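**Student:**
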Amino acid sequence: MNGRYWKIAWVCGALGVACQSAPAIAPVEMLAPTFVAMLSVEVAPPPPTAAERQQSASLRLRGLEARQAGDFTAAIAAMRAAVALDPTQQSGRVLLGWTLHLDGRTMEAVEVLTAARDRDSKDVPTLNALGIAYLVSGDLDRAIATHSEAIALAPENEIAHYNLSLAFQRQTQFEQAITHAERAIALEPSNPHPLVALAIAQWSRGDVEAARQTYRRAIALDGRYRHRGYLIHLERAGFSARQIQTATHVLQSIATSS
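Numbering-wise, the sequence shown is residues -26 to -1, 1 to 232 according to mature numbering (1 follows the signal peptide of the UniProt record, and there is no 0).
#1: Need the endpoints of the alpha helix (DSSP H) that asparagine 102 sits in, please.
#2: Enumerate in chain order the residues of its own chain whose CB-to-CB distance from isoleucine 53 is below 8 Å, with the five nearest sequence positions on each side excluded.
#3: Check the C-beta distance from alanine 134 over to alanine 155 and give it rounded, since I have them as a contact under 8 Å.
#4: Would you decide whether threonine 188 is buried or exposed? Buried here means 16 or more other CB atoms lie within 10 Å of its CB.
#5: Please tell me whether proline 166 and alanine 128 are closer than 8 Å, where the distance is taken between their beta carbons.
#6: Extract the residue ranges of the alpha helix (DSSP H) inside the stretch 126 to 156, only unbroken runs of 4 or more that lie entirely within it.
#7: Beta carbon of histidine 75, beta carbon of alanine 55: below 8 Å?
#8: Going along the chain, which unbroken runs of the alpha helix (DSSP H) with 4 or more residues stay wholly within the stretch 33 to 75?
#9: Cutting at 6 Å between CB atoms, please list the residues of its own chain near phenylalanine 142, excluding the five before and the five after it.
#10: Thinking just about the alpha-carbon of each residue, which of Gly112, His207, Asn131 and Asp113 is nearest to the one in threonine 100?
#11: Histidine 207 lies in the alpha helix (DSSP H); which residues open and close that run?
#12: When you compare the stretch 202 to 211 with the stretch 177 to 187, are there three or more beta-carbon pairs, one atom per stretch, that lie closer than 8 Å?
#13: For the candidate residues Gln217, Val170, Asp113 and Ala215, whose alpha-carbon lies nearest to that of aspartate 196?
#14: Under 8 Å, do phenylalanine 46 and aspartate 94 count as touching if we go by C-beta distance?
#15: Using 8 Å as the threshold, is the C-beta distance between glycine 212 and asparagine 137 below it?
#16: If arginine 144 and serine 214 are in contact, beta carbons under 8 Å, what's the gap, nearest whole angstrom?
#17: Exposed or buried, which one is histidine 201 when buried takes at least 16 other CB atoms within 10 Å?
#18: Tell me the rounded alpha-carbon separation between proline 20 and glutamine 28.
#19: Taking the alpha-carbon positions, what's the residue 236 to threonine 222 distance?
#20: For the candidate residues Ala89, Met81 and Arg216, whose alpha-carbon lies nearest to that of threonine 113?
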């Protein structure tokens, strides 16, 4: 007999008890189905209290104020705390994701906004923000898919049409880019960004005169677009570096043709 087991038998005998091997543990699949189901169920956290909701709202406001002041570190910290206090507030998650995006932390923004979309796949502001984050990160296929979902839910969604125009232009699908830019212009005629998006799509397609005319409409709305140095501002509007360069070519073409 193995020495270790001999010692166990001796102790059991001394205590006057029978030595039996421990019963085998049944594999999970052999357990009662109801019990297995109980093991796999995640217990939902309790809903936030009224005080937690109020504190979360105050933190979101504080975060917005910090963001407007340019203090993104404080803004993001406040917004994260707001989400932790009231995770049921979808707009708080979108606000956090969008602020991360504005701070240039695109991958973090995508992570937060993807989680928000998983919680509510029908929320249009969530889809808009996630689509923009995908666009800026260069993930054009996901940007197009996400903004298309947003338009399916809200066809009059100027943000999605505008960003689809930018995404399709980068994929050299110029007809699609023009169609969505024109729709964005119709929905928000006072915004020069869709006009510049349309102008670069027309220019890329080879329709130089149409691009000039469209860009002149953007200048009529906002005279700053006649200055080449101002065009760097388009980066914050979702334009890539190459798209800003194309807009610069359109502007220079207007200057030389006058």
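Backbone N, C-alpha and C define an ideal beta-carbon position, used for all residues, glycine too.
Remember, predicted model here, so these are calculated numbers, not experimental data.
**Tutor:** By the coordinates alone:
#1: Within the sequence shown, the letter at position 128 stands for residue 102. From DSSP, the alpha helix (DSSP H) with asparagine 102 extends over 98 to 111.
#2: Residue mapping note: residue 53 aligns to position 79 of the sequence shown, counting from 1. The sequence given here places methionine at residue 53; isoleucine does not occur at that position. Taken in chain order, the residues that qualify are Leu33, Arg34, Gly37, Gly66, Leu69, Leu70 and Thr73.
#3: The count along the sequence shown starts at 1 and reaches residue 134 at position 160. The count along the sequence shown starts at 1 and reaches residue 155 at position 181. At roughly 12 Å, the Cβ-Cβ gap does not stay under 8 Å, so alanine 134 and alanine 155 are not in contact.
#4: Sequence index remark: in the sequence shown, residue 188 carries index 214 (1-based). Under this definition threonine 188 is a buried residue.
#5: Taking the sequence shown and counting its residues from 1, the one referred to as residue 166 is at position 192. Taking the sequence shown and counting its residues from 1, the one referred to as residue 128 is at position 154. No, the pair does not count as a contact, with Cβ atoms beyond the cut-off.
#6: 132 to 144
#7: By 1-based counting over the sequence shown, the position of residue 75 is 101. By 1-based counting over the sequence shown, the position of residue 55 is 81. Contact: no.
#8: 46 to 59
#9: The residue given as residue 142 occupies position 168 in the sequence shown. Gln150 and Ala151, listed in sequence order.
#10: For the purposes of this step, residue 100 is taken as the residue at position 126 of the sequence shown. Measuring from the Cα of threonine 100, the nearest candidate turns out to be Asn131.
#11: Working through the sequence shown from its first residue, we reach residue 207 at position 233. Note, histidine 207: premise wrong, no alpha helix (DSSP H); not H, not E.
#12: no
#13: Translated into positions along the sequence shown, residue 196 becomes position 222. Ranking the options by Cα distance to aspartate 196, first place goes to Val170.
#14: In the sequence shown, the residue the question calls residue 46 occupies position 72. In the sequence shown, the residue the question calls residue 94 occupies position 120. No, the pair does not count as a contact, with Cβ atoms beyond the cut-off.
#15: What you label residue 212 is simply residue 238 of the sequence shown in a count that begins at 1. What you label residue 137 is simply residue 163 of the sequence shown in a count that begins at 1. Going by C-beta atoms, glycine 212 is nearer than 8 Å to asparagine 137.
#16: Here the question's residue 144 lines up with position 170 in the sequence shown. Here the question's residue 214 lines up with position 240 in the sequence shown. Sure, about 6 Å apart at Cβ, within 8 Å.
#17: Here residue 201 corresponds to residue number 227 of the sequence shown, with the count starting at 1. The residue is exposed, with fewer than 16 neighbouring Cβ atoms inside 10 Å.
#18: Residue numbering aside, residue 20 sits at position 46 when the sequence shown is read from its first letter. Residue numbering aside, residue 28 sits at position 54 when the sequence shown is read from its first letter. Roughly 16 Å between the two C-alpha positions.
#19: Residue numbering for the chain in the displayed model covers -26 to 232; residue 236 lies beyond these limits and cannot be assessed.
#20: Within the sequence shown, residue 113 is the residue found at index 139, counting from 1. As written in the sequence, residue 113 is aspartate, which differs from the threonine given in the question. Of the listed residues, the one whose Cα sits closest to aspartate 113 is Met81.
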